[in-house]
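Chains as they are written, first to last, in our numbering: chain A, 1 to 322; chain B, 1001 to 1322; chain C, 2001 to 2322.
Glycine included, every Cβ here is placed at the ideal spot set by N, Cα and C.
Contents: one structure, followed by commentary.
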Amino acid sequence: MQHLLRSQQFSVEGLTKLYDMADRMRVTFGRKPDRQGMRTFLAGTLMHAIFYEASTRTRFSFESGAQHLGMSVVSTDNAAQFSSAVKGETLEDSIRVHAGYAPDVIVLRHPEDGAAERAAAVVDASGHACHVINAGDGRGQHPTQALLDAYTIDRHYGRIEGLTVLMGGDLANGRTVRSLAYLLGKYSEMRIIFVSPPQLAVGADILEYLDRHGVRHDQVSDMESVLPEADVVYWTRLQVERIADRGFAHEMRELQRASFTIRARHLRLLKERTIILHPFPRKGEIATEVDADPRAYYFHQAENGMYVRMALLFSLIKELPL
Amino acid sequence: MQHLLRSQQFSVEGLTKLYDMADRMRVTFGRKPDRQGMRTFLAGTLMHAIFYEASTRTRFSFESGAQHLGMSVVSTDNAAQFSSAVKGETLEDSIRVHAGYAPDVIVLRHPEDGAAERAAAVVDASGHACHVINAGDGRGQHPTQALLDAYTIDRHYGRIEGLTVLMGGDLANGRTVRSLAYLLGKYSEMRIIFVSPPQLAVGADILEYLDRHGVRHDQVSDMESVLPEADVVYWTRLQVERIADRGFAHEMRELQRASFTIRARHLRLLKERTIILHPFPRKGEIATEVDADPRAYYFHQAENGMYVRMALLFSLIKELPL
Amino acid sequence: MQHLLRSQQFSVEGLTKLYDMADRMRVTFGRKPDRQGMRTFLAGTLMHAIFYEASTRTRFSFESGAQHLGMSVVSTDNAAQFSSAVKGETLEDSIRVHAGYAPDVIVLRHPEDGAAERAAAVVDASGHACHVINAGDGRGQHPTQALLDAYTIDRHYGRIEGLTVLMGGDLANGRTVRSLAYLLGKYSEMRIIFVSPPQLAVGADILEYLDRHGVRHDQVSDMESVLPEADVVYWTRLQVERIADRGFAHEMRELQRASFTIRARHLRLLKERTIILHPFPRKGEIATEVDADPRAYYFHQAENGMYVRMALLFSLIKELPL
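Quick look at the structure:
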């Protein structure tokens, strides 16, 4: 694997290898180890973190993981506002120049669908041996988020096959939903229940993909009726910044508050082993009163993100088969 | 000491240890040493510098010190504007996620009073062994600034006890004044003279603290009358960005220009050994014509900042008693 | 050489040494080497990258080169908007404080002409052994850009002497044109043809300098008539951000589109060995249809930038004669 652009790229076998590597990363670099002197796994390699949209969480996850591995990092927070993007440069020109500075990896976040694929094409044409990782492009994909979501589920249940995943909130605008649905399609006997206001329903491309891959799926708009069925509750916030119509955004926010917010009283509807995930940031759609419940798994999930990204960086740069 | 949140946390004994360590840092990493290969004191450790308010000086001081010590750093300049703060995330969620990325230290700058304490509580609850350093929270505290101020005074006089410190300028809005006053309260036989327009007088909480700790204090509004008494002149700028009323801010600026600005002609009022300090940035409240005088000690003070912060990072991470 | 402030500082002999060092950097750190463990050339040294104007390209070029060499880096993207510059601090105060944090190099980008010289003066007065590199100051200079331009020409032709360089586009506002013209004046038997709308003609100071150094020069406004004469075509974009009058900026943009844009059909006018350079970013003034031509040399030129900057960092810090 040269670039990570879409969550569909992985085979189940490749995912298993990646998850095992993530475990190893956690054991090696996780809580309170004697880390001194161990940061040599990727010493001498360079990451460019190019974020056209700010995402402190994703950027820190990649950069912290890179630093734990001994990589060097050069990064920008807001390439769109402060860089030559203002001066009218194309993404293609920018990436071509970046590739010339001999990074081993370019981690790209961009507001346009398909940006990561365009970047990878430019890198390949340039002749530089550099890996492109899609850290979210528009409403397109956010594959490393999907990888960490799936890793979290897998490590909790010991498998992914046969689980029922409830995906709720803003299914129309969140790229994490797309990436995760595509990834879950790799596994057999899955069921996905989509729960959202009809105005924020999941895209037809996803449903088609799931049909093609034999994933059973339903769309409902009543959250409480389906909570008891879920093995995994995957909840998302309203992506107001991707909704142009402000009146509509306001209306949806009210609707989310009223009918698509997980509160303490919903916990009794869940099975005992069910886990609640959220790609973060949250804006009230899971009440903080839920946090103390052991099934509130979203902080653990966020933590997993770094180890999965470390596993990915290591596997790509060391050219391990995935 | 697990976290540095308030300047009051230190005992005089602990301060002495910290100052000695800062001396050691200066000797090891200061001007023109053969530094090559020495950056191993904290190799393999990671700092997260999370600045919700930009402060290039404080951030560079921490990050340069960290790099001299061999630490890795991941940082953000403006977490408030460009991060998930825009998307409505709470500080608590953000810090909890940061802690999961296994940094050894989080250096936090935040516009709200008490933010550092909230962050430390979240880190402790998360079970991650991570130190939180308050790099300024709202009008609350800026304890590392106070530590470097006190270190500078101590190294100049060989002691802090018994000195008369004149603190002037905007005493109502500057957190450095609060932190330093609290710290000076640790030492015996201190006298603090506060000089400011009555509208920018020092807060009642500080005066109460000083009373409780037996620090003699006065409030005056005529700068020239008290300059001759000072061993240390600690001058501050008007914190216009913390004053909501623009008319009032303008009026205060005029007043500072007229009556609370240190100029060359004031130098003859000072004792020969007196030092002039300023937490920076300055905006004219000490005229540049003062800079050439050996008593203009503020650049030396700023330089000390890095060594004190290095001493603090080293002591916290190596769990030295303070 | 203590600081790099202006392209004129170099002798031809010094340039030759720098270019040889850049070659060495490319061989050592360029495409697909086994770089692991080699990043020790400047281990233990620190760069401050202080950008008052964003320039992702220039900053990444410096920082990537520094990281390849094993340097530590602390950087800011937008010192003007987010730092104490907002609070009214002078450049002199800022740089003096930076110098105190013991960086080995300060790379400065600033919107005002002469900022780099002011910074160097402050550093020298401070007594700190720190090198200042001008990464572009206002309409003043951008000497490392000129160095990489000249290096690119030299490595293509094996010499610079005797070449005809066509410089076109916005000659009034682009600092790269100034820096390169000054540098080319070092070489004998040069000819420079300036091609631009009369309203964007090259400055009198440059023409005077060229006269003094015996460089033949012409000014024309018809691009096509002079393309066949050029050994090097150096094309630049309209610096709209430096033009206050928006109507005039619009008019110039239209003019550039109509008459000062290099398109595929112009390629047949060029000699076979001619190379087309551009300091980037471009905004349409070289059509992308030109990119596939082997004479389109601008991406190669951008790549050279990092190696030249690495050579400069290494030579300054190691105090090699230049």
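| request: Kindly say whether B:R1096, judged by its beta-carbon, lies nearer than 8 Å to any beta-carbon of chain A. | output: yes
- Query: Name the chain B residues that come within less than 9 Å of A:G30, Cβ to Cβ?
  - Reply: A1102
Given C:G2140, which residues of its chain have a CB within under 7 Å of its CB, disregarding the five upstream and five downstream residues? D2113, G2114, R2175
### Task
Taking C:T2076 as the query, report the chain B residues whose CB atoms sit under 9 Å from its CB, ordered along the chain.
A1054, T1056, R1059, F1060, D1077
Do you know offhand how far C:A2135's Cα is from B:K1318's? 39 Å
- prompt: Can you tell which of B:T1058, B:C1130, B:V1105, B:P1281 has its C-alpha closest to the C-alpha of B:G1305?
  reply: B:T1058
Can you pull the DSSP bridge partners for A:Q141? A:D137
Q) If you draw a straight line from the C-alpha of B:R1096 to the C-alpha of C:G2169, how long is it? A) 52 Å
Mind pulling the alpha helix (DSSP H) runs of 4 or more residues that sit fully within the region 1216 to 1294 of chain B?
1223 to 1226, 1246 to 1259
What is the rounded straight-line gap between the Cα of C:D2205 and the Cα of C:E2053? 25 Å
Coil, strand or helix - C:V2165 by DSSP:
strand
Check: Out of curiosity, what's the CA-to-CA distance linking A:Y333 and A:F314?
Finding: In this structure chain A extends from 1 to 322, so residue 333 of chain A is not present and cannot be described.
TODO: Could you have a look at A:F314 and say whether DSSP puts it in helix, strand or coil?
DONE: helix
- [ ] In the DSSP assignment, find the unbroken alpha helix (DSSP H) run with C:L2320 in it and report its ends.
- [x] Taken as a continuous stretch (DSSP letters only), C:L2320 belongs to no alpha helix (DSSP H), as it is neither H nor E.
Point to revise | Close Cβ partners of C:G2065 (< 6 Å) along its chain, the five nearest in sequence each way excluded | key: M2306, R2309, M2310
**Prompt:** Who are the near neighbours of C:Q2002 in its chain, counting only those whose CB is closer than 7 Å to its CB and skipping five residues on each side?
**Reply:** H2131
Which residues bound the alpha helix (DSSP H) around B:L1042? That residue, B:L1042, is in no alpha helix (DSSP H); it is neither H nor E in DSSP.
**Report entry** For C:T2076, the first and last residue of its enclosing beta strand (DSSP E)
**Finding:** 2072 to 2076
query: Taking Cβ positions only, does B:M1038 come closer than 8 Å to chain C?
result: yes
Minimum C-alpha distance to C:G2030 - residue among C:R2253, C:L2320, C:E2303, C:V2073: C:E2303
Using alpha carbons as the reference points, say which of B:G1185, B:Q1256, B:V1240, B:L1171 lies closest to B:Q1219. B:L1171
What does B:F1280 reach in chain C if we use C-beta pairs closer than 8 Å?
S2084, E2089, D2093, V2097
Using 8 Å as the cut-off, can you tell me whether the region 1099 to 1107 of chain B makes contact with the region 1281 to 1293 of chain B, which would need three or more C-beta pairs spanning the two stretches below that distance? no
- Query: Starting from B:V1107 and walking both ways along the alpha helix (DSSP H), at which residues does that stretch end?
  - Reply: Element bounds for B:V1107: not the alpha helix (DSSP H) but the beta strand (DSSP E), 1105 to 1110.
So if DSSP puts B:L1004 in a beta bridge, which residue, or which two residues, is it bridged to? B:I1133
Let me check understanding here. Comparing Cα to Cα, which of B:V1202, B:V1195, B:A1022, B:E1189 lies closest to B:V942? Examination of residue 942 of chain B is not possible in this model, given that chain B is present from 1001 through 1322 alone.
Original post:
Of all the CB atoms in chain C, is at least one closer than 8 Å to the CB of A:L46?
Top reply: yes
Next on the checklist: Please report the straight-line C-alpha distance between C:F2060 and B:A1079, rounded to a whole angstrom.
Outcome noted: 21 Å
Hey, would you say B:D1137 sits closer than 8 Å to B:A1116, going by beta carbons?
-> yes
- [ ] Decide yes or no for the touch test of the region 2177 to 2191 of chain C against the region 2007 to 2017 of chain C: beta carbon pairs closer than 8 Å, at least 3 of them.
- [x] yes
Q.
Classify B:K1186: buried if its beta carbon has 16 or more other beta carbons within 10 angstroms, exposed otherwise.
A. buried
**Asked** Assuming A:T274 contacts A:V233 under a Cβ cut-off of 8 Å, what Cβ separation, rounded to an integer in Å, is found between them?
**Response** 6 Å
Exercise. Quick one: measure Cβ to Cβ for B:M1071 and B:M1047, integer angstroms, because I've assumed they're closer than 8 Å.
Key: 5 Å
* Asked: According to DSSP, what are the bridge partners of A:A296?
  -> A:I276
Taking all protein chains shown into account, do 16 or more other C-beta atoms lie within 10 angstroms of the C-beta of C:Q2011, making it buried, or fewer, making it exposed? Looking at the sequence provided, one finds Ser at residue 2011 of chain C rather than Gln. Exposed: under 16 other Cβ atoms inside 10 Å.
Separation of A:V74 from A:F62, as counted between CA atoms | 12 Å
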